[in-house]
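Undergrad:
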Ligand code: HEM
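In our numbering, the protein residues as written are 1 to 505.
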């Protein structure tokens, strides 16, 4: 019981400290330092506290106003951190000096309870070995057969019937939740050869899992934003407040993952399948019994939260841009006619490839609302970035994808507009951008392994859904509030009314 007063004392101290910081927040006491206003002793803390509720937009404004879009963030009592939105710096960090910028022990420690030794949270040999094992799952052959089948089945047997029913009943649905269920079923099928039936709502206790997963990712990332970094460790030690909630939600996530592993091992007939989980279980040299669980949790995060976040923002942007919807529809229609398919028939890999405008629209949405808005690494040895910024050993360094999508110097004066045409050449063919200007899927040796899969999912869903339905997004004129978790989700979901289009009735 003696611990409770200690925690209270710490909380009071933090409060006083924060109050002091806010009181000192006066432009006359500040001077610009690499973009962020810094104060004696308190560093960037007062600015941070005043802007915490709009963190992404605030840091984007600061980086935009700095000549090389790079800023140093000083916070008392913790290591400094650099944020950059300059392509040359990003290339240096993610590729040229890759070995000097691992995730590092501090980043890993924050995410360790949730992600353990999974691919997102490791460096060195353990990462390399996982990447090699996982890459077999994303071969072209697997993409065009197994992944396509999983997407097609989920779409025709679950998503489209669900939307038709919602159209008939007139009920409001949370599209983000539905997309998360879709991508969750998909990634489980692909990676573990298990169908949790989450979209159909008849699965393995998935609603409790979905809530717990959301809470676990949000609270884990919240640890990065503590004013005093050791505070979450104290809370964890005493198992109080948000750390208590985090422990509980991680427990639910782990139980769910264990259940998937149990199912997978019981499923004798599927044993021969070389799915990702089987490959990992049989990988020699990994002697940690929690490891299969880490694999499951990391891949659910990779495959569920990213694509569904991308698609949710995409559908919100479409609701504001009916001209883009019309262009997607005419492209889809044209491809159908070319290959002689009827409405309701699915597209194959080559047919999706023909949809250049749709590829541009999806990429444009990812540019403005990247599912992974920022990526943080740690500097191993002192270094100087291409723009001359000095980085010291142990400093954090963040490649700011969200800010990069909004830089005039990269995308031009209309950088805040949603304009799929910017991705097309003069013949209307999609032209991919340099990954260091557009690091939405990361770049260099740790580039996303699921990029192709994500485009297949997003284009298939978008083509079929846009063709058959109109979405009436509730309160679409107000930009949805974002929930800053590991991925950029829409706070409270995306609520829509669905209408089957007249042409099909
Ligand atoms: C729009 C969808 C997606 C986006 C924007 C995206 C983005 C990213 C980013 C930024 C990273 C680097 C993360 C980091 O190192 O901190 C990453 C890594 C990764 N992604 Fe994706 N991803 C998407 C979909 C997927 C899908 C569907 C899968 C497959 C299940 C997947 C599998 C992976 C894996 C395995 C890694 C780890 C690569 C490594 O560390 O070597 N991603 N992704």
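Virtual Cβ for every residue (Gly too), placed ideally from N, Cα, C.
In this text, all values refer to a predicted model and were calculated from it rather than measured experimentally.
1. In the DSSP output, which residue or residues are listed as bridge partners for residue 482?
2. Between the region 289 to 297 and the region 112 to 132, do at least 3 Cβ pairs fall closer than 8 Å?
3. Tell me whether residue 436 is buried or exposed, calling it buried when 16 or more other Cβ atoms sit within 10 Å of its Cβ.
4. Can the beta-carbon of residue 400 be found closer than 8 Å to that of residue 83?
5. Return the chain-ordered list of same chain residues with a C-beta closer than 7 Å to the C-beta of residue 415, the five sequence neighbours on each side being excluded.
6. Whole angstroms is fine: what's the gap from residue 220's alpha carbon to residue 233's?
7. Assuming residue 430 and residue 360 make a contact with CB atoms under 8 Å, what is their CB distance in whole Å?
8. Does the beta-carbon of residue 170, which I'm using as the reference point, lie nearer than 7 Å to any heavy atom of the ligand HEM?
9. Counting only the same chain and skipping the five closest in sequence on each side, list residues whose C-beta sits under 7 Å from that of residue 501.
10. Terminal residues of the continuous beta strand (DSSP E) containing residue 44?
11. Alpha carbon to alpha carbon, how far is residue 100 from residue 379? Give it in angstroms, no decimals.
12. Out of 104, 59, 63, 135, which one is the CA nearest neighbour of residue 122?
13. Can we count residue 181 as close to the ligand HEM, meaning its CB is less than 7 Å from some heavy atom?
14. With respect to the alpha helix (DSSP H) encompassing residue 71, which residues constitute its N-terminal and C-terminal limits?
15. Using DSSP with H/G/I as helix, E/B as strand and the rest coil, what is residue 406?
16. In whole angstroms, give me the CA-to-CA distance for residue 508 and residue 358.
17. Please tell me whether residue 191 and residue 310 are closer than 8 Å, where the distance is taken between their beta carbons.
18. Any contact of the region 222 to 231 with the region 331 to 346, i.e. 3+ C-beta pairs under 8 Å?
19. Tell me, which residues are paired with residue 290 by DSSP?
20. Short check: CB of residue 559 to CB of residue 352, under 8 Å?
21. In whole angstroms, give me the CA-to-CA distance for residue 308 and residue 183.
22. Let me confirm a value: residue 66 is counted as buried when at least 16 other C-beta atoms fall within 10 Å, else exposed. Which label applies?
23. Look at residue 499 and residue 278 and say whether their C-beta atoms are less than 8 Å apart.
24. Does the beta-carbon distance from residue 305 to residue 217 come in below 8 Å?
25. Based on Cα-Cα distance, which residue from 253, 256, 418, 223 lies nearest to residue 241?
26. Quick check on residue 330: buried or exposed, where buried means 16 or more other Cβ atoms within 10 Å of its Cβ?
27. Could you check what DSSP says for residue 277 in three-state terms: helix, strand or coil?
28. Considering residue 82, what are the terminal residues of the beta strand (DSSP E) in which it resides?
TA: According to the data block:
1. Walking along the chain shown from the start, residue 482 turns up at place 482. Note: residue 482 sits in a beta bridge opposite 490.
2. yes
3. Your numbering for residue 436 matches position 436 in the chain shown. It is buried - the Cβ of residue 436 has at least 16 other Cβ atoms within 10 Å.
4. In the chain shown, counting from the first residue as 1, residue 400 sits at position 400. In the chain shown, counting from the first residue as 1, residue 83 sits at position 83. Yes, the Cβ-Cβ distance between residue 400 and residue 83 is below 8 Å.
5. Position 415 of the chain shown, counted from the first residue, corresponds to residue 415. Counting only Cβ-Cβ distances below 7 Å, and skipping sequence neighbours, we find 406, 407, 408.
6. Here residue 220 refers to the residue found at position 220 when the chain shown is read from its first residue. Here residue 233 refers to the residue found at position 233 when the chain shown is read from its first residue. Computed Cα separation, rounded: 12 Å.
7. Here residue 430 corresponds to residue number 430 of the chain shown, with the count starting at 1. Here residue 360 corresponds to residue number 360 of the chain shown, with the count starting at 1. For residue 430 against residue 360, the beta-carbon gap comes to about 6 Å, under 8 Å, which counts as contact.
8. Position 170 of the chain shown, counting from 1, holds the residue named residue 170. Incorrect: residue 170 has no Cβ contact closer than 7 Å to the ligand HEM.
9. On the chain shown, position 501 is the one that residue 501 refers to. Excluding sequence neighbours, residue 501 sits near 468, 469, 470.
10. The residue given as residue 44 occupies position 44 in the chain shown. Note, residue 44: premise wrong, no beta strand (DSSP E); not H, not E.
11. Here the question's residue 379 lines up with position 379 in the chain shown. Here the question's residue 100 lines up with position 100 in the chain shown. Straight-line Cα distance between these residues: approximately 6 Å.
12. Counting from 1 along the chain shown, the entry for residue 122 is found at position 122. Comparing Cα positions, the closest option is 104.
13. Position 181 of the chain shown, counting from 1, holds the residue named residue 181. Because no heavy atom of the ligand HEM lies under 7 Å away, the Cβ of residue 181 does not count as near it: no.
14. The sequence position of residue 71 within the chain shown is 71, counting from 1. For residue 71, there is no enclosing alpha helix (DSSP H); the residue is found in the beta strand (DSSP E) stretching over 70 to 73.
15. For the purposes of this step, residue 406 is taken as residue 406 along the chain shown, with counting starting at 1. Of the three classes helix, strand and coil, the one that applies to residue 406 here is coil, per DSSP.
16. The first residue shown for the chain is 1 and the last is 505, placing residue 508 beyond what the model contains.
17. Your numbering for residue 191 matches position 191 in the chain shown. Your numbering for residue 310 matches position 310 in the chain shown. No.
18. no
19. Within the chain shown, residue 290 is the residue found at index 290, counting from 1. Paired residue(s): none; residue 290 is not in a bridge.
20. Since the first residue shown for the chain is 1 and the last is 505, residue 559 is missing from the structure and cannot be characterised.
21. What you label residue 308 is simply residue 308 of the chain shown in a count that begins at 1. What you label residue 183 is simply residue 183 of the chain shown in a count that begins at 1. Cα to Cα, the separation comes out at about 6 Å.
22. For the purposes of this step, residue 66 is taken as residue 66 along the chain shown, with counting starting at 1. Residue burial annotation: residue 66 is buried, with at least 16 other C-beta atoms found within 10 angstroms of its C-beta.
23. Sequence index remark: in the chain shown, residue 499 carries index 499 (1-based). Sequence index remark: in the chain shown, residue 278 carries index 278 (1-based). It is not a contact, given that the beta carbons lie outside the stated cut-off.
24. Taking the chain shown and counting its residues from 1, one reaches residue 305 at position 305. Taking the chain shown and counting its residues from 1, one reaches residue 217 at position 217. Contact flag set, yes.
25. Along the chain shown, one-based indexing puts residue 241 at 241. Taking only the C-alpha atoms, the option nearest residue 241 is 223.
26. Looking up residue 330 in the chain shown gives position 330. Result: exposed.
27. On the chain shown, residue 277 is found 277 positions in, with the first residue counted as 1. Helix, per DSSP.
28. As a first step, residue 82 is located in the chain shown; it is residue number 82 there, counting from the start. Here the beta strand (DSSP E) through residue 82 covers 81 to 84.
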